[in-house]
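Let me begin by presenting the structure, written as structure tokens, before commenting on it.
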Amino acid sequence: MLKGINPVLGPELLMILRAMGHGDEIAIVDGNYPAVAHAHRLVRADGVDAVTIADAILSVMPLDDFVDHAAFRPGIRDEPDRREPIFADFEAAVARHEPGQTVVPLQGEAFYERVKGAYAIVATTERRLYGNLVLRKGVVRP
0 MLKGINPVLG
10 PELLMILRAM
20 GHGDEIAIVD
30 GNYPAVAHAH
40 RLVRADGVDA
50 VTIADAILSV
60 MPLDDFVDHA
70 AFRPGIRDEP
80 DRREPIFADF
90 EAAVARHEPG
100 QTVVPLQGEA
110 FYERVKGAYA
120 IVATTERRLY
130 GNLVLRKGVV
140 RP
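Have a look at this one:
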């Protein structure tokens, strides 16, 4: 345990967050996502939901402000305007830590390809469908 660090950020995840560089991405995925098959580096966060881990990550990792968008969620096939409640929860976590940043939907294969290209995947036991989020790391300024 460390003072000021959310306890859901275990040693493996903290090491990955610290090792990531500017522009690297981390994917947070729900319990249905094929994380083992898609991950270059996999961190298990069993017993933790996706929004809780996203909030914890955002408490220590800045989002990239050199690009137009640095947070992505899945779009829903054939229903681009449909919004699941978890989307609002992700947006609230991003807004809490990175005011002005938005969460952008990526449709179908575009989202899966983004996750597959991520530096690491955090596999949660999130039960809500579409409980996936990709975050692009920014810089910590002096």
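Numbering (numbering that gives the first Met the number 0), first residue to last: 0 to 141. Where a beta carbon is used, it is the ideal one built from N, C-alpha and C, also for glycine.
> Hey, which unbroken runs of the alpha helix (DSSP H) at 4 residues or more fall wholly within the region 67-125?
Replying inline: 84-96 and 107-115
> In whole angstroms, what separates the C-alpha of residue 7 from that of residue 47?
Replying inline: 8 Å
>> Just to confirm the assignment, what range does the alpha helix (DSSP H) spanning residue 52 have?
In response: 49-57
>> Taking the alpha carbon of residue 9 as the reference point, which residue from 21, 36, 55 and 128 has its own alpha carbon closest?
In response: 55
>> If the criterion is Cβ atoms closer than 7 Å, does the pair residue 136 and residue 23 meet it?
In response: yes
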